[in-house]
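Before any comments, here is the structure.
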Amino acid sequence: MQSIEFRTGDAFLLRHARPMEATTAERTIRACLHLPTFGSGPFPAVVLSQGLSGVSVAREHRYAKLLAEHGIAALVFDSFAARSRSRLADPFKALQVSETMLLGDAFAALSHLAARPDIRAADIAIVGFSYGGMIAVLAAYRQIAETFLPDGPRFSRHVAYYGCSIPRLDDPTTTGAPVTMLIGEKDRNVDLTRTRVIAEDLRAGGSKVDLTLYPDLYHQWDDADAGHKFVLLELAGCRMRVTRENRIVDERTGLSMRGWWTRSAILALSCGLTGYHTKPDAEATAISDAHLLAALAGRDTGPSRPPKKFAAAPHRAPDADFARNAGALVEPVAGR
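Numbers given in my numbering equal positions in the sequence shown, counted from 1, plus 7.
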């Protein structure tokens, strides 16, 4: 693992976001780059976009290690820690660190990786989890990509694990990169009907979409650190539109997001109290690991409803040395 730094923007609202080259002095993010231990490169790469629960050894760093073992470089960073928000409860993280900030970080990471001689610039994918899964999907739209990197590069593939089903774009035109969406059918933090609509938006916009529903799975089936727990607030009922002018509008109330207060009001009105469960599943994780590797390799991932049994490598917990080293590389750097 290498400890690296890159610069990113800090716009709170999407309509205030500026191209990366105009925001190079705003904030520093410390990141961990997992490189393959074999071969000389240049390597394909993946930007990992975290969930609200934060970067964990059992999820983000486990995926990074898995990818590196298969010849793919992987970049892990903590957008919340970089803004001194990692200790907040998840709802307060969502209020203070917006999707625009995470998008800016993702595209800044893409730009940084594309400039490295040991990375294959045309083969950098994004993989995201929950809140980060939403980021992975949003990054597939041409309007979003051109907001942050008008002249490229672009992500080559987009993979979303149990991504929030919140935003739709008035202009669904995509960059053309394929999108993979992996959802648990018992995940009450995700609206499956709206997820299907978003998948159709992406197809209409020019991307090939693989939407896979895993039977009997809950939120964060792949995160051993999450444990089996009940989370009171869920976002399945949240509905946003992104206009062609990059304004974010609540579909139910018509309220436009203008800053922190309106964001707070919109989310307060949208959050449901039916809650949702997280429940890790080692067997399912082995299935989705194989699905991920196939998607990144550009292979057909098969049926949209995978069988319950699957001959895949067992899910392994990270060893102690790996956990210790990974934890040492996600501490925040002074933001400004």
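A virtual CB, placed ideally from N, CA and C, is assigned to each residue, including glycine.
Residue of the options minimising C-alpha distance to residue i
i    : options                   : result
I131 : V166, E67 and I151        : V166
H119 : G191, R37 and L303        : R37
L303 : R69, A80, S60 and H41     : A80
S10  : F19, D17, L42 and A152    : L42
V204 : P160, T182 and D177       : D177
L274 : A211, D257, D194 and I142 : D257
F19  : F114, L209 and T107       : T107
R34  : G48, E76 and S91          : S91
F155 : M27, I142 and K193        : M27
G61  : S47, F114 and F136        : F136
H93  : R210, A75, S63 and I126   : Note on residue identity: the sequence assigns Ser, not His, to residue 93. Answer by Cα proximity: S63.
L21  : A122, T250 and G212       : T250
K193 : L102, H226, H298 and G212 : H226
D223 : T200, E207, R195 and A243 : R195
G78  : K215, C39, S172 and D125  : D125
D198 : S277, A184 and H235       : S277
K100 : H298, L59, R123 and R259  : L59
L220 : G282, H298, G139 and D17  : H298
G139 : S105, D158 and E76        : S105
C353 : P160, A272, M141 and I294 : The first residue shown for the chain is 8 and the last is 343, placing residue 353 beyond what the model contains.
E252 : A301, E153, M8 and S86    : E153
H235 : T260, Q103, Y283 and F162 : Y283
L5   : D85, R164 and W267        : A question about residue 5 goes unanswered here, because the residues of the chain that appear run from 8 up to 343.
S214 : A243, G191 and A184       : A184
L242 : G16, L102 and M8          : L102
T260 : G16, A272 and D17         : A272
A291 : E76, L218, G191 and D208  : G191
Per DSSP, the bridge partner or partners of residue i
i    : result
F237 : H284
G1   : Residue 1 lies beyond the stretch modelled for the chain, which goes from 8 to 343, so this question has no answer here.
H41  : A81
L176 : V249
T35  : R14
S263 : V256
T181 : Y148
H226 : T285
V186 : H165 and V216
Whether residue i touches residue j by CB criterion (8 Å)
i    : j    : result
L145 : Y169 : no
S263 : R270 : no
P98  : L280 : no
A24  : G111 : yes
A147 : V186 : yes
R248 : R175 : yes
V54  : L117 : yes
P179 : A211 : yes
F13  : A89  : no
I133 : A143 : yes
T285 : V216 : no
D288 : L73  : no
S47  : A113 : no
R265 : I173 : no
R201 : T181 : no
R127 : F50  : yes
P157 : A121 : no
Unbroken beta strand (DSSP E) run spanning residue i, endpoints
i    : result
P51  : F50 to S56
H165 : H165 to Y168
T15  : Q9 to T15
V134 : I126 to F136
I255 : I255 to D257
Limits of the alpha helix (DSSP H) - the one that residue i falls within
i    : result
R270 : W267 to S277
H119 : E106 to A121
G46  : It is not in any alpha helix (DSSP H) - G46 carries neither H nor E in the DSSP assignment.
A101 : D97 to Q103
L299 : A289 to L303
F155 : R149 to F155
E207 : L199 to G212
S86  : S86 to A89
E67  : Here E67 belongs to no alpha helix (DSSP H), and DSSP marks it neither H nor E.
Chain C within 8 Å of residue i, Cβ atoms only
i    : result
R203 : Absent from the structure is chain C; it holds one protein chain and no more.
The ligand NAD heavy atom lying under 7 Å from the CB of residue i
i    : result
Y168 : Annotation note on the ligand NAD: not contained in the displayed structure, which lists no ligands.
Do the segment 63-72 and the segment 220-232 make contact, defined as three or more Cβ pairs closer than 8 Å?
-> Under the Cβ criterion (8 Å, minimum of three pairs), the segment 63-72 counts as touching the segment 220-232.
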